[in-house]
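A.B. asks: Residue numbers (the working numbering), protein chains in the order written: chain U, 1 to 349; chain L, 1 to 167; chain A, 1 to 158; chain E, 1 to 383; chain D, 1 to 209; chain H, 1 to 103. Note that CB positions come from ideal geometry on N, CA and C, so glycine has one too. Once you've had a glance at the structure underneath, I'll fire off some questions.
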Amino acid sequence: MESNFILELLGNNIWAYLITAAIPLVFVVVYALVAILGELKIASWVQDRLGPMRTGPWGIIQPVAEVVKLLQKEDITPRNANKPLFNTAPFVVFTGSFAAFAVIPYSSKFIPADINLGVFYIFAVSSFTVIAILMGGWASNNKYSVLGAVRSASQMISYEIPTSLSIIAIAALSNTLSVSGIINSQSGWFWNWNLLGGQGSAIKYLFIPFLLVLFIVYFVGSLAEANRTPFDIPEGESEIVGGYHTEYSSMKFAMFYFAEYANMYVVSAMITIMFLGGWNSPFGDFMNSPIWQAFWFIAKAMSFVFVQLWLRWTLPRVRVDQLMHICWKVMLPAAFVSLIGISLLGVIK
Amino acid sequence: MNIIEIVFYVFALIIIVSAMGVVFSHKLMYSAFSLLFTFFGVAGIYVLLNADFLAVVQIMIYVGGILVLIIFGIMLTTKVTDVESISGSTGKLIYLSSAIVSAILFLVLVYMFNTSNWNVYTTPYRETTLDMLGNALLTKYVLTFFMAAILLLVAFIGAAFIAKKGK
Amino acid sequence: MLPNEIFDKLKIEFGEEIISLNEDPGYEPSIKVEPTNLVDIMLFLRDEEGLEFDYPSCLSGVDLGANLGVVYNLYSMKRAHKITIKVEVPKEAPDVPSCELVWRSFDWHEREAYDLLGINFVGHHNLTRILLPDDWEGHPLRKDYVQPDYFHGMKVPY
Amino acid sequence: MSEIRDVAIDLGNVHTEHMKLNVGPQHPSTHGVLRLMVELEGEIVVDVVPHIGYLHRCFEKVCEQNTYTQIVPYVDRMDYVNSMNNELPYVIGVEKLLGITVSERIEAIRVICAELDRIASHEIAVATFGMDAGAFTPFLYLFRDREKILWVLEKLSGSRLLYNYIRIGGLMRDVYPTFKDDLRDIIKTVRETNAEINNLLNDNKIFVERCANIGILPPDVAINYGASGPMLRASGVRHDLRRVDPYSIYNKLDFEVCVGTGTMGTVGDSWDRNWVRMLEMEQSLRIIEQAMEMITDSSEDVRAGIPKRIAPKGELYSRAENPKGELGFYIVGDGKAKPQRVKGRSPCYVNLSIIPEISKGYMFADLIIILGSIDIVLGEIDR
Amino acid sequence: MGLLDRLDNPYDVGDNIFLGTVEDVLNWGRSKSDWYMTFGLACCAIEFMAVNAAHFDFMRFGCIPRPSPRQTDFIIISGTVTLKMAERIKRLYEQMAEPKYVISMGSCSNSGGPYWENGYHVLKGVDRIIPVDVYIPGCPPRPEAFMDGMVQLQSKINHQAIFRKRKEMRPEDIAAIDQRQIELKKLRAEYEAYRIEHLDLTGVDNVAK
Amino acid sequence: MIPVGLNHFLILSAILFSLGIFGIATRKNAIMILMSIELILNSANINFVAFSKFNGFNIDGQIAALFVIILAAAEVAIALAIVLNIYQNYKHIDVDEIDNLKE
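Okay, structure coming up:
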């Protein structure tokens with residue numbers, strides 16, 4: 001495949017596939033450490049304080065200390081919990097999050113698996129997370145966990161619908177579901193990005209409101225799917241203690257933790273792919289070599305991770321019924337209308 | 001043994017073991033979560049059969065939709081705080097007789113499959129079936145497609161109505 | 001309305017059950033009543049035109065040595081006057097009619113007085129301990145109360 | 001715990017069995033060690049039973065064993081976020097029993113201290129309320145401001161939280177020379193931050209949606225339950241002890257009694273309760289500005305009036321407007337150095353008893369909001 | 001047991017250099033990443049909130065609040081422990097995962113504080129029910145005092161010996177540890193018997209009861 | 001070993017099918033029966049897709065499988081609604097006990 005330089009270098013053998021699979025894993029681990037530090041530091045920045053300062057210079061190796069700590073914590077399985085499911089859930093949740101990384105590109109020369117249904121696939125594997133959360137929450141045998149798990153599951157499957165509508169709209173605009181196809185359809189300057197109507201004549205600017213609506217629908221929906229504020233009801237501290245991971249400790253908790261951060265990157269990467277031109281440089285061919293493309297992609301995705309962290313420390317939390325109201329009565333009609341508008345644009349183009 | 005075969009046997013094993021888990025497990029929740037692996041394995045089999053769209057749809061609808069619904073159903077109809085929700089099985093006689101019946105069924109099926117002269121001819125590898133599916137759905141099967149859409153709509157309205165009527 | 005007017009009004013209505021009015025300097029004006037018909041007195045205080053004590057300020061149980069006293073501090077938002085009603089019951093049979101239905105505020109106050117002083121509010125719907133654990137023994141605010149040595153295996157005195 | 005039954009799941013009109021959920025005593029949003037037994041149907045609260053007493057520190061017994069002056073530090077520890085306001089009714093009560101009056105200057109300092117602590121208390125109330133709604137940042141902004149108030153009070157009394165500053169018949173010590181400058185600084189900062197908090201929290205659409213029309217407390221119910229403070233005023237009852245039953249120098253000061261108007265929803269909802277606190281902070285600043293002008297003569301000895309022997313005979317119910325509501329002390333003195341009985345009528349105790357009344361029929365998340373809007377302090381409830 | 005009793009000679013980590021280094025790394029991780037439980041009892045909790053807040057910023061030490069005891073490393077007993085609360089605190093402590101530490105903040109939880117004499121309902125010192133690592137005096141302690149207590153706790157963690165070979169121990173230590181094990185087993189058996197006899201076990205293990 | 005061909009998939013589906021039949025026959029719980037039906041539908045789907053692949057990539061098989069999935073979604077929604085309704089009336093979902101119509 002031309003979109004995976006490792007396969008080109010090493011040929012089509014098992015080692016090439018292993019290396020291809022290992023790179024996202026390393027990326028997830030490094031990214032999670034950065035994101036954990038980012039969360040602490042951004043929280044501190046928003047809240048007018050310093051944040052961790054005593055672990056390395058300005059506390060930058062704080063996440064390492066946390067991982068070291070979590071590794072040696074006692075691993076508690078509550079006596080009344082359902083042990084097989086309780087112990088399986090963290091692995092399933094991490095599998096679900098990590099599976100999405102298979103199709104997330106880094107640059108035009110490296111997409112671990114450039115399958116034809118890329119965005120659709122990301123969307124599908126996220127349902128593993130739902131099941132795993134239900135599994136963990138139920139197996140904990142704790143009412144807070146069950147409440148958190150049920151809330152989480154209902155929230156995630158509800159918000160799948162508006163987000164999938166915006167994915168369909170983008171597919172209609174780009175005529176493909178593959179990640180590389182969608183990104184290539186936005187190549188060139190930044191006004192070719194899907195957020196600004198994709199490539200095409202000036203008539204596309206008439207449809208920008210629809211795309212903006214879709215963008216907002218997708219962004220809000222992705223916040224809900226990643227359980228981030230203002231939709232962090234499943235783990236809302238003030239109501240249900242820790243939500244579905246109340247009873248988890250040590251590395252099993254760390255896996256939930258990692259999966260949450262991995263999910264944040266996945267949804268940010270999806271926004272980047274679908275609306276912001278993916279790895280394309282905003283300035284045409286300027287700084288558009290494969291290495292720079294990796295920079296652009298990760299920078300765009302990380303900026304959305306940043307926005308998610310920022311929102312977390314700014315907004316209060318919504319209530320369960322308000323959450324459903326937003327989903328079914330606001331976002332779904334808006335997404336439908338926009339879908340029709342975008343389809344019109346697709347026809348015109 | 002090439003990689004396709006390894007993958008087939010791995011997925012087949014996953015499917016069979018987890019399906020047995022579904023059927024033989026005495027705890028409802030175990031059955032439900034075993035079903036997750038069955039669906040996952042079937043999705044893998046679809047990928048082997050070059051049905052990539054179906055594989056993704058399988059995961060999305062079965063895992064993300066149907067399984068969640070089933071788990072909700074279990075949670076609503078059993079005591080959730082009670083971890084040991086028994087699925088309830090019939091007596092030994094029925095157990096034995098149904099085992100025999102299904103074994104016979106299985107043997108008959110295998111015999112049929114092996115003796116039938118299937119008209120098998122393979123075509124070269126095709127990367128995606130998405131465009132073919134789309135074309136077929138909107139041309140040859142467009143009526144069925146709309147019927148399915150209406151069926152879904154009616155089913156969901158009906159489901160909401162039935163569930164609401166209780167009490 | 002001044003305390004003596006309130007006293008007169010009560011005296012006319014209830015007669016013998018209203019015992020005395022205390023207006024000594026240093027003391028807040030208080031009316032001492034018999035506990036037998038307390039709920040009616042309280043209802044009269046709450047509803048009678050001109051009195052209208054709609055706001056229950058405080059209910060205190062007091063250990064007076066031989067007797068246990070209950071002190072009701074009432075306030076009227078409409079008339080902006082206040083009065084103190086006092087009840088005394090013997091320690092052996094500390095039964096006082098419950099006023100929780102007159103002013104809902106006294107629900108918890110009465111439970112507290114029961115908890116700490118052992119005053120039995122007759123007619124209270126849920127007269128259980130509120131501050132102390134359910135299996136606590138004795139009523140700590142009585143003057144003759146002795147600290148327990150152990151509670152659930154934990155040593156109590158220093 | 002045999003009453004624990006099924007977990008119910010909210011699914012439209014599907015009626016499921018009730019679930020009993022035990023919230024607390026260790027729970028992130030019970031503001032201490034309150035325990036609520038909540039009965040849920042789905043997510044709807046069917047019944048709430050508060051269980052208190054996890055912080056019962058035997059205040060009333062301790063009072064009977066200590067002299068009148070020694071009680072002041074224990075009074076501090078009742079409502080530990082606004083000790084000055086606790087000391088005020090107690091000290092005024094004992095002074096009334098003894099029949100002594102203090103000079104206007106001392107009263108002015110007392111009022112300034114009380115109002116500063118009222119602001120600090122309201123800041124904690126708003127901050128924790130925001131935290132209950134999921135907004136963590138306002139908490140830190142408000143605590144940053146609160147530090148400034150604590151510095152001033154610390155300079156006055158030597159302690160950060162529990163001051164023991166207002167003494168019977170006087171004060172612990174006189175104000176320091178730059179007191180007024182510090183006050184002006186505080187007034188400026190608090191006004192700035194409150195504007196910011198209004199932007200960040202009180203006018204936030206999500207926050208308004210969470211709080212408006214939640215936990216509505218009708219005025220007649222509030223009065224019958226004996227509610228007081230912002231809880232009562234948010235229901236539209238213009239009742240403030242500083243106005244209707246003035247003590248200290250409040251009758252010489254010009255300030256408004258803030259009531260809930262139902263700006264965002266119904267009168268007496270959770271948002272109103274929070275908003276009344278925001279408005280009262282502004283009024284407290286006005287009071288401080290006026291009282292500052294009364295501290296002119298600096299030659300007076302604030303300790304001169306402290307009596308040598310405090311052994312009053314008599315009894316009275318002394319009350320004052322605490323940030324949480326009407327804090328009263330029923331003091332019975334029998335002519336000895338130790339009181340015969342001191343009963344604290346704590347506003348939170350009464351306000352909390354309303355929670356079963358106003359939280360039925362709302363969702364579980366709303367219950368947390370309602371609890372946050374009442375602004376309870378367990379030290380005062382359990383004493 | 002056995003983890004904390006080597007503080008008299010903190011630098012003696014044995015002759016195994018590798019183990020010594022690993023131990024340092026593990027101790028470093030534990031001391032720098034302390035998650036504490038959001039749990040407040042009384043007056044000291046307000047001071048503790050102030051420590052959390054922007055001005056004193058407890059997070060500088062790497063301390064992050066967690067609502068669930070399963071994920072926390074240390075608990076701060078901030079305030080008066082009453083007899084009604086004591087059993088809950090004990091249970092909370094038992095729910096925490098090892099390694100776990102306790103900071104007793106303020107006179108009340110150190111010794112009963114102002115309530116030591118007449119407080120019939122106050123536990124005179126939280127160390128009567130759970131082991132305490134650091135005591136912070138004061139009523140309430142100033143935030144600076146609390147931070148000093150945190151530094152003390154971190155240095156205590158840093159000097160812990162994790163790997164300690166049995167053969168290197170003194171015989172009386174081994175005897176003491178064995179004795180302690182037997183005692184613990186007995187206690188647990190008794191406790192289980194008590195639980196089975198006196199308590200309905202439905203949902204007892206739930207957090208935050 | 002025989003290379004993986006059509007028969008492998010067919011036998012796999014047969015195993016799944018007979019397991020599903022066994023589940024339906026032996027279990028009393030309505031949701032358990034639903035899950036067994038899902039197994040049977042999945043086995044049918046494997047057949048459809050396998051025939052689609054080994055019959056010269058005929059897309060009709062996949063379309064049929066797609067419709068089966070849609071059907072399954074509708075079926076589960078309706079069936080669970082009925083189960084819930086039954087549960088509210090009977091407080092259990094044991095299919096052998098639900099025989100009111102007989103009487």
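I need the boundaries of the beta strand (DSSP E) containing TRP275(E), first residue and last residue.
C.D. replies: Not the beta strand (DSSP E): TRP275(E) falls in the alpha helix (DSSP H), residues 270–294.
A.B. asks: One question on the structure: do ILE206(E) and LEU315(U) come within less than 7 Å of each other, judged by their Cβ atoms?
C.D. replies: In contact: ILE206(E) and LEU315(U) (Cβ atoms closer than 7 Å).
A.B. asks: Within 7 Å of any Cβ in chain C, is that where the Cβ of THR137(E) sits?
C.D. replies: Among the protein chains of the structure shown, namely U, L, A, E, D and H, there is no chain C.
A.B. asks: Expressed to the nearest angstrom, what Euclidean distance is found between the alpha-carbon atoms of GLU52(A) and PRO230(E)?
C.D. replies: Rounded to whole angstroms, GLU52(A) to PRO230(E) spans 23 Å at the Cα level.
A.B. asks: Can you list, in chain order, the residues of its chain with a C-beta nearer than 6 Å to that of VAL208(E)? Leave out the 5 residues immediately preceding and following it.
C.D. replies: Excluding residues within five positions, the ones whose Cβ falls inside 6 Å are MET264.
A.B. asks: Answer with buried or exposed for LYS329(U), where buried requires no fewer than 16 other C-beta atoms within 10 angstroms of its C-beta.
C.D. replies: The residue is exposed, with fewer than 16 neighbouring Cβ atoms inside 10 Å.
A.B. asks: Against chain L, with Cβ distances strictly below 7 Å, would VAL267(U) count as a contact?
C.D. replies: Closer than 7 Å: no.
A.B. asks: Any idea what DSSP makes of GLY181(U), helix, strand or coil?
C.D. replies: Three-state result, GLY181(U): helix.
A.B. asks: Under 8 Å, CB to CB, which of the residues in the stretch 59–76 of chain D have a partner in chain U?
C.D. replies: Residues MET59, ARG60, PHE61, GLY62, ILE64, ARG66, PRO67, SER68, ARG70, GLN71, ASP73.
A.B. asks: Run the CB neighbour count on SER31(D), radius 10 Å, all protein chains shown included, and call it buried at 16 or more, exposed below.
C.D. replies: SER31(D) should be labelled buried.
A.B. asks: DSSP state of VAL49(H), grouped into three classes?
C.D. replies: Of the three classes helix, strand and coil, the one that applies to VAL49(H) here is helix, per DSSP.
A.B. asks: When you compare only the Cα positions, how much space is there between LEU7(U) and ALA99(U)?
C.D. replies: Spanning the two alpha carbons is a distance of roughly 19 Å.
A.B. asks: Where do the ends of the alpha helix (DSSP H) carrying LEU96(L) lie?
C.D. replies: Note, LEU96(L): alpha helix (DSSP H), 92–115.
A.B. asks: DSSP three-state label for ASP47(E), please.
C.D. replies: Correct three-state label for ASP47(E): strand.
A.B. asks: Should GLU84(L) be flagged as near chain H, meaning a C-beta pair shorter than 7 Å?
C.D. replies: Reliability of the predicted coordinates at GLU84(L) is poor, the pLDDT of 49 falling under 50, and the value obtained from them is presented with this limitation in mind. Output row for GLU84(L): interface = no.
A.B. asks: Compute the minimum distance between the beta carbon of ILE6(A) and the heavy atoms of the ligand NAD, and state whether it is under 6 Å.
C.D. replies: In the structure on display, the ligand NAD does not appear, and there are no ligands present to speak of.
A.B. asks: Which whole-angstrom value describes the C-beta separation of LEU97(E) and LEU352(E), a residue pair presumed to lie in contact below a C-beta threshold of 8 Å?
C.D. replies: With a Cβ gap of about 30 Å, LEU97(E) and LEU352(E) do not count as contacting.
A.B. asks: Using a Cβ-Cβ cutoff of less than 7 Å, which residues in the same chain neighbour VAL83(L) once the five nearest sequence positions on both sides are dropped?
C.D. replies: With a pLDDT of 45 at VAL83(L), under the threshold of 50, the predicted position of this residue should be treated as unreliable, though the coordinate-derived value follows. There are no such residues.
A.B. asks: Tell me whether GLU160(U) is buried or exposed, calling it buried when 16 or more other Cβ atoms sit within 10 Å of its Cβ.
C.D. replies: With 16 or more Cβ atoms within 10 Å of its Cβ, GLU160(U) is classed as buried.
A.B. asks: Quick check: is the beta carbon of LEU41(H) nearer than 7 Å to any beta carbon in chain L?
C.D. replies: Not one chain L Cβ lies under 7 Å of LEU41(H).
A.B. asks: Can GLU380(E) and MET84(E) be called in contact, C-beta distance under 7 Å?
C.D. replies: Cβ distance not < 7 Å, so GLU380(E) and MET84(E) don't count as in contact.
A.B. asks: Does the CB of GLU190(D) have a neighbour CB from chain U at under 7 Å?
C.D. replies: It does not: the Cβ of GLU190(D) has no partner Cβ on chain U nearer than 7 Å.
A.B. asks: What are the boundary residues of the beta strand (DSSP E) that includes CYS108(D)?
C.D. replies: CYS108(D) -> not in any beta strand (DSSP E); alpha helix (DSSP H) instead, spanning 107–111.
A.B. asks: Counting pairs of Cβ atoms below 8 Å between the stretch 252–272 of chain E and the stretch 216–225 of chain E, do you hit three or more?
C.D. replies: With a cut-off of 8 Å, the stretch 216–225 of chain E and the stretch 252–272 of chain E count as touching, because enough Cβ pairs lie within range.
A.B. asks: Name the chain E residues that come within less than 7 Å of GLN308(U), Cβ to Cβ?
C.D. replies: Going along chain E, no residue has its Cβ under 7 Å from GLN308(U), so there is no contact; the nearest lies around 15 Å.
A.B. asks: Spell out whether any CB of chain L is found under 7 Å from the CB atom of TRP184(U).
C.D. replies: One point to set straight first is that residue 184(U) is Asn, not Trp, in the sequence displayed. No, its Cβ sits nowhere closer than 7 Å to a Cβ of chain L.
A.B. asks: What residues of chain H sit near TYR46(L), judged by a beta carbon separation below 7 Å?
C.D. replies: Within 7 Å Cβ-Cβ: VAL49.
A.B. asks: Check this for me: beta carbons of MET135(U) and LEU85(U), under 7 Å apart or not?
C.D. replies: It is a contact, given that the beta carbons lie within the stated cut-off.
A.B. asks: Could you check what DSSP says for THR81(L) in three-state terms: helix, strand or coil?
C.D. replies: Below a pLDDT of 50, predicted positions are generally treated as unreliable, and THR81(L), at 47, falls in that range; the measurement from the model is reported next regardless. Reduced to three states, the DSSP call for THR81(L) is coil.
A.B. asks: Output the boundary residues of the alpha helix (DSSP H) element that contains LEU74(A).
C.D. replies: No alpha helix (DSSP H) holds LEU74(A); the beta strand (DSSP E) holding it covers 67–75.
A.B. asks: For ARG79(U), count the other beta carbons within 10 Å of its own beta carbon; 16 or more makes it buried, fewer makes it exposed. Which is it?
C.D. replies: With fewer than 16 Cβ atoms within 10 Å of its Cβ, ARG79(U) is classed as exposed.
A.B. asks: Which residues in chain D sit within 8 Å of MET154(A), going by Cβ to Cβ distance?
C.D. replies: Those are LEU83, ALA86, LEU123, ARG128, ILE129, listed as they occur along chain D.
A.B. asks: Which bits of chain E does TRP193(U) rub up against, with CB to CB less than 9 Å?
C.D. replies: Simply none; closest approach about 29 Å.
A.B. asks: Decide if PRO90(A) is buried, meaning its Cβ has at least 16 other Cβ atoms within 10 Å, or exposed.
C.D. replies: That one is exposed.
A.B. asks: Exposed or buried, what is LYS41(U) when buried is set at 16 or more other beta-carbons lying within 10 Å of its beta-carbon?
C.D. replies: Per the 10 Å Cβ criterion, buried.
A.B. asks: Just to confirm, is the Cβ distance from ILE92(E) to TYR225(E) under 7 Å?
C.D. replies: Their beta carbons are not under 7 Å apart, which means ILE92(E) does not touch TYR225(E) by this criterion.
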